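**Q** My structure is below; once you've seen it, I'll send some questions.
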């Protein structure tokens, strides 16, 4: 099994996390400023080459009531583009509360605000991937962009 890449597509930054080769754990893998899709694609391609990625999981920022807002639809469009441009499976994963959860974990650990800003997006991606790995929706019906 190859590694899985998770992305937390924020308004200003993209956080990334990768699984171990067996698909049990998630580790932070970087962050970049979001300028446009080309930058996201370049960042993903770099990580794909470095980690031999076989699937991407994109955080799906649904509203708290489960409805799709503008950000969720933007992430859906980016997920579709990544699938088309990279030719690998791309899944959406409910990311409600991941950024808040990452923030709370760092506050509880005593991480200063300026340092939190530098890693919050990676930690959110790590939480997205951890949730996906625990549920393993690829082993049962899920919400793949491919319609699986």
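Numbering (this note's numbering), first residue to last: 1088 to 1235. Virtual Cβ for every residue (Gly too), placed ideally from N, Cα, C. Only a predicted model underlies this, so the values are computations on that prediction, with no experimental measurement involved.
(1) Under the assumption that residue 1211 contacts residue 1102 (Cβ atoms under 8 Å), give the Cβ distance between them as a whole number of angstroms.
(2) Would you mind sorting residue 1099 into buried or exposed? The rule is 16 or more other CB atoms within 10 Å of its CB.
(3) CB residue 1147 to CB residue 1181, shorter than 9 Å?
(4) Considering residue 1117, what are the terminal residues of the beta strand (DSSP E) in which it resides?
(5) State yes or no: is the C-beta of residue 1110 within less than 9 Å of the C-beta of residue 1091?
(6) Going straight from the alpha carbon of residue 1154 to that of residue 1186, what length do you get?
(7) Where does residue 1097 land, buried or exposed, given buried means 16+ other C-beta within 10 angstroms?
(8) Do residue 1169 and residue 1214 have their C-beta atoms within less than 9 Å of each other?
(9) Is it the case that the Cβ atoms of residue 1104 and residue 1179 are separated by a distance below 9 Å?
(10) Given a threshold of 16 other Cβ atoms within 10 Å of its Cβ, counted over all protein chains shown, does residue 1201 qualify as buried or as exposed?
(11) Here's the rule: buried if 16 or more other CB atoms are within 10 angstroms of the residue's CB, otherwise exposed. What is residue 1197?
**A** The structure says:
(1) That pair is a contact at about 5 Å.
(2) By the neighbour-count criterion, in which 16 or more other beta carbons inside 10 Å mark a residue as buried, residue 1099 falls on the exposed side.
(3) Yes, the Cβ-Cβ distance between residue 1147 and residue 1181 is below 9 Å.
(4) 1113 to 1120 is the span of the beta strand (DSSP E), which, as asked, contains residue 1117.
(5) Going by C-beta atoms, residue 1110 is nearer than 9 Å to residue 1091.
(6) The alpha-carbon atoms of residue 1154 and residue 1186 are separated by roughly 18 Å.
(7) Buried, because 16 or more other Cβ atoms sit within 10 Å of the Cβ of residue 1097.
(8) Using a Cβ distance threshold of 9 Å, residue 1169 and residue 1214 do not count as a contacting pair.
(9) No, these two residues do not count as a Cβ contact at 9 Å.
(10) So residue 1201 ends up on the exposed side.
(11) Exposed, because fewer than 16 other Cβ atoms sit within 10 Å of the Cβ of residue 1197.
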